[in-house]
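Chemist: Can you keep this structure in mind? I'll have questions shortly.
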Amino acid sequence: MLKNKFNLTKYIIWFSILMLGLLVLHRPIATLDLAMLIETLRDQSFKHMLILLISGLMVVSLSTLYDFILCKAFKLKITPSDIFKISWISDMALNFAEDAEKRKGSLRYQLYKSEGVDPKKAMFIDALKDMILFDDGGQLPVTFKISFLTRLKLILSTMIKWLLTSFLFMYVFTLYDISFNRLDVLLVFAFSMFIANVSLIPYGFGIFEVLALICFTSLGYEFSQMLLVLITFRVFYSIIPWLLTMLILALGPSKHKKSKLSESQRHLVNWMSVKSFAALTLFAGLLLILSASLPEALERTQLLNHVFSLSFIKFSKLSTMGIGLLLIILSKGIWDKVQKAYSITLLMLTLGSILALLKGLNIEIAFILIMIMVILAPAKETFYRIGSPIERKRCLYYFIILGFMSSLYISLYNYFTQATFHLLVEADLTLQSVDIIIFIFFVALGSILLNAFSVQRSDFKYATDEDLTNLSLFLKKYEGNAMTHLLFLKDKCFFYAVNNTVLIAYRPYKDKLMVLGDPIGETKNFKEAINAFRLFADQYDMVPIFYEINESMLPIYHENGFKFLKLGEEAAIDLNTFTLAGKKGAPLRTIKNKMNRGELTFKLLTPPFDQELVERLKEISDLWLEGRTEKCFSLGSFDESYIERAPIGIIKVENEVVGFATIMPHYSKHTVSIDLMRIIPNPPNGAMDALFIGLIEWAIEEGYDYFILGKAPLSNVGVNQFSTTKEKVAKYIYNYGNKIYSFKGLRKYKEKFYPEWRSVYLAYPKGTHLPNALIQLTKMISGSDKNSIG
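Under this note's numbering, the first residue of the sequence shown is numbered 37, with each subsequent residue one higher.
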């Protein structure tokens, strides 16, 4: 929560500074000649650009001195090349991290750990960079003594790095023959860069530029010249080193495929490589859109005009923009490692490079796209997923981006067309209605692409009659559990594992695969089956959640990387010791006496059932629901085909059925439980108790050992002083949430049958956002949200 608020505050400040810049600089922005700006950028010689490139990379590489100094101080056995690589990647690859915990410093920490460095030393090296010292748990300060000489070296290395960076900044002024005062430039650079770094926005993008422009214009410098300087500086100081880092990381899987990396190192390399592929794909899309928006060089346009018509060149520009939009969408699929996205991305990069040549002989852009394609092509095995879940609001987010990029393209395109800058025939290149059709075509194609690599409901097969027949045969061979009978409701999918010896029943919901209870089948294969199911879920980039699992199974889930939350306790009556005699059974004996006198009549019926009886039971069920939606998944519901599968206990008063309960077989010789229980509003006194007594006595006669009364949610959760924070919150809900749900009342009622209480748990993989998972689980069970996917 605090992290989200911090991120929100950070971006509010970023947005506010940008708005301040627009407010202060709106007049020079309105009179800016973009065409002339681009022409000035293009006119720079290759020699000057090469000097800037080398200088920029050298200045950026100075940040590695920090790591070299500390590695030497700690006498770490890491090669200089590895130290350089760790430092460079950690400083340059921060902005493709998934969250704040994996940004910059944490990446440095993980890279050092993968090289065998002591975790506390790795944490210290990582944290010292930002002056934040915490241990692995984020609780206690980590302290290592470093000598005065080492501290001095660190300070000097930082000073040298920023001094040379400021020299690079001033060199850009000389490149464009702009006269400047060294003190002005140094002060503006220091102030703007300091605020940009404090903002914690990746690379200070936007913050540095806006503040520098405000300061320089207030000092009398020309706005267009300063914008030219800042763009050039940003390209060679940030964008090119970042792209180089992405290219290096993207080569990770192929480079290390045959090397002897540890599992953690291989995982880290693959993680960084995939995110780099996504970043490069996104960059390729933005590059194509920008390229299609800007005017082409006159010499190249004239050369193309001898071969192609202006209409064809215009179509190529529009198609280039469309391919760029598609690559932006595809970057999501690449990020999620989807097979289809990989194949389509290679095709789009190929088409993009061809169109870059056809629209204006953009050899540089075509070369960049081909390079990205060459790097991506060998990584086919990295993209193994069938699909990835995409929420509706996320789809809206993508279409907003597409709309924004399209609007930006139209604005820039029309601006340069009207400027008649380097254009041959203005009228032929103005956007017309046919171009809108092309836009719509690419947006529609984008929708198809988004749908192609997203998880669909059709990807999961819900149980059919044939599946239920096979399930019945399976249960003749293997025992079930307390949840097994609910599999006959047809609202779940079946996953068979380990040569069909283990069955896991699940239901897809949003980005989760919700599993009901423990696996059933061959017990010795459960561990392998759970692992197989995790791999199955990963193919769709979905999270497996096991709901209401048995305490005895926790070690197996733990070995498969799951964490746990206690959900409550299950009431189990030991039928071998159950009796109505004694002080404990006095309240129930009173009800039993009523049954003996015929005031309350219990009867157990076996299928098939009379239609008139079914209609009466349906009437009672509807009265009990009072218009509420039937719950599902972990609870039985009134379905004629479902209730025909097991005996039903009914209670009569004056020969009229007033309540019923369906039996839930466990498909074992030892245990049986109650499933669906419904009773009329304001029932006769003792009717519900009589129903339970009748079912328990029937179970004793049938030779069962245990009768399950059901769950008491949140019961005995978080009562230990060392319980987790999540479980203590659950305890608070149990104690004070009776207005919402009768937690205590439900347990108190079941206590009258003096049962044994067995703990039930939720198992979820590490890294799962638990509150979100619980909300999704609640919505799914309540039936309030019918959408399984998306």
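Every residue gets a Cβ at the ideal spot worked out from N, C-alpha and C, and that includes glycine.
#1: On the DSSP bridge list, what partners appear for Arg794?
#2: Spatial neighbours of Pro717 within its chain, please: C-beta separation below 7 Å, excluding the five flanking residues on both sides.
#3: For Thr386, report the span of its alpha helix (DSSP H) as first-last.
#4: Straight-line CA distance for Ser352 to Gly358?
#5: Tell me the DSSP secondary structure of Leu459 in three-state form.
#6: Could you check which residue in Gly360, Met282, Ile399 has the C-alpha nearest to that of Glu412?
#7: If contacts are defined as beta-carbon pairs under 8 Å, then Ile715 and Val694 qualify, I think. What distance do you get, rounded to the angstrom?
#8: Would you kindly work out how many angstroms separate the C-alpha atoms of Met55 and Leu539, rounded to a whole number?
#9: With which residues is Asn586 paired in a DSSP beta bridge?
#10: Where are the alpha helix (DSSP H) runs, 4 residues long or more, that stay fully inside the segment 598-648, in chain order?
#11: Three or more C-beta pairs closer than 8 Å, one from the segment 246-260 and one from the segment 220-235: is that the case here?
#12: How about Arg783 and Glu606: are their beta carbons less than 7 Å apart?
#13: Counting only the same chain and skipping the five closest in sequence on each side, list residues whose C-beta sits under 6 Å from that of Leu653.
#14: Please state whether the Cβ-Cβ distance between Tyr678 and Leu525 is less than 7 Å.
#15: Who are the near neighbours of Lys563 in its chain, counting only those whose CB is closer than 8 Å to its CB and skipping five residues on each side?
#16: Looking at the strands, I want to know which residues DSSP matches up with Tyr545.
#17: Would you call the segment 668-682 in contact with the segment 637-651, where contact means no fewer than 3 C-beta pairs closer than 8 Å?
#18: What are the start and end residues of the beta strand (DSSP E) that includes Gly685?
#19: Please report the distance separating the alpha-carbon of His805 from that of Trp371.
#20: Kindly list the residues whose CB is nearer than 6 Å to the CB of Leu324, restricted to its own chain and excluding five residues on each side of it in sequence; keep chain order.
#21: Could you tell me which of Asp527, Gly685, Lys560, Thr537 sits nearest to Leu552, measuring between CA atoms?
#22: How many angstroms separate the CA atom of Asp501 from the CA atom of Leu393?
#23: What does the Cβ neighbour count give for Gln146, buried or exposed, with the cut at 16 atoms within 10 Å?
#24: I need the DSSP call for Val221, collapsed to helix, strand or coil.
#25: Please report the straight-line C-alpha distance between Pro807 and Gln575, rounded to a whole angstrom.
#26: Please classify Ile243 as buried or exposed, where buried requires at least 16 neighbouring CB atoms within 10 angstroms.
#27: If contacts are defined as beta-carbon pairs under 8 Å, then Tyr5 and Leu601 qualify, I think. What distance do you get, rounded to the angstrom?
#28: I think Ala541 touches Ile408, with their Cβ atoms under 8 Å apart; what is that distance to the nearest whole Å?
#29: Closest by CA to Phe419, which one among Ser260, Lys376, Leu507?
#30: Let me make sure I understand the geometry here. Which of Met724, Glu680, His702 has the alpha-carbon closest to that of Val689?
#31: Please classify Ser657: does DSSP put it in a helix, a strand, or coil?
#32: Assuming contact is defined by CB atoms lying nearer than 7 Å, are Ser703 and Gly516 in contact in what I supplied?
#33: Return the chain-ordered ranges of every beta strand (DSSP E) run that is complete within the segment 497-531 and spans a minimum of 3 residues.
#34: Cα separation between Leu185 and Gly152?
#35: Starting from the C-beta of Leu255, find all residues in its chain whose C-beta is less than 7 Å away, skip the five residues before and the five after it, and write them out in chain order.
#36: Please tell me whether Lys599 and Tyr800 are closer than 7 Å, where the distance is taken between their beta carbons.
Modeler: By the coordinates alone:
#1: Per DSSP, Glu606.
#2: Around Pro717: Leu659.
#3: Looking at the DSSP string, the run of the alpha helix (DSSP H) that includes Thr386 is 375-396.
#4: Each residue's alpha carbon lies about 10 Å from the other.
#5: Note that Leu459 scores 39 on pLDDT, short of 50, meaning its location in the model is unreliable; the coordinates nonetheless yield the value given after this. Three-state result, Leu459: coil.
#6: Looking at the sequence shown, residue 412 is not Glu but Leu. Residue Met282 is the option with its Cα nearest to Leu412.
#7: Val694 and Ile715 do touch by the CB rule: their CB atoms are close to 6 Å apart, below 8 Å.
#8: For Met55 and Leu539, the distance between alpha carbons rounds to 58 Å.
#9: Under DSSP, Asn586 shares a beta bridge with Val796.
#10: Fully enclosed alpha helix (DSSP H) runs of 4 or longer: 622-632.
#11: Touching, yes, given that three or more Cβ pairs across the two stretches are closer than 8 Å.
#12: No.
#13: Residues Phe696 of the same chain have their beta carbon placed closer than 6 Å to that of Leu653, with the five preceding and five following residues left out of the count.
#14: Yes, the Cβ-Cβ distance between Tyr678 and Leu525 is below 7 Å.
#15: Beyond the five residues adjoining it in sequence on each side, Lys563 comes within less than 8 Å, by CB distance, of Ile592, Glu595, Asn596 in the same chain, given in chain order.
#16: According to DSSP, Tyr545 bridges with Lys548.
#17: Segments in contact, yes.
#18: Gly685 -> beta strand (DSSP E) spans 684-689.
#19: In this structure, the alpha-carbon of His805 lies about 19 Å from that of Trp371.
#20: If we look at Leu324 and ignore the five residues flanking it on each side, its Cβ neighbours are Thr356, Ile359, Gly360, Gly388.
#21: Closest by alpha carbon: Asp527.
#22: Spanning the two alpha carbons is a distance of roughly 58 Å.
#23: Residue environment: Gln146 is assigned as buried (16 or more neighbouring CB atoms within 10 Å of its CB, all protein chains considered).
#24: Residue state for Val221 is assigned as helix, using DSSP reduced to three classes.
#25: CA-CA distance, Pro807 to Gln575, rounds to 24 Å.
#26: That one is buried.
#27: The chain is shown only over 37 to 826; residue 5 falls outside these bounds and no answer can be derived.
#28: Not confirmed; about 43 Å, so no contact.
#29: Closest option to Phe419, Cα to Cα, is Lys376.
#30: Nearest to Val689 by alpha-carbon distance, out of Met724, Glu680, His702, is Met724.
#31: In the three-state reduction of the DSSP assignment, Ser657 falls in the helix class.
#32: Strictly speaking, residue 703 in this sequence is Tyr, with Ser absent from that position. Cβ distance < 7 Å, so Tyr703 and Gly516 count as in contact.
#33: Considered as a whole, the segment 497-531 harbours no complete run of any beta strand (DSSP E) with no fewer than 3 residues.
#34: As the crow flies, the alpha-carbon of Leu185 is around 26 Å from that of Gly152.
#35: Asp220, listed in sequence order.
#36: Pairing Lys599 with Tyr800 gives a Cβ-Cβ distance under 7 Å.
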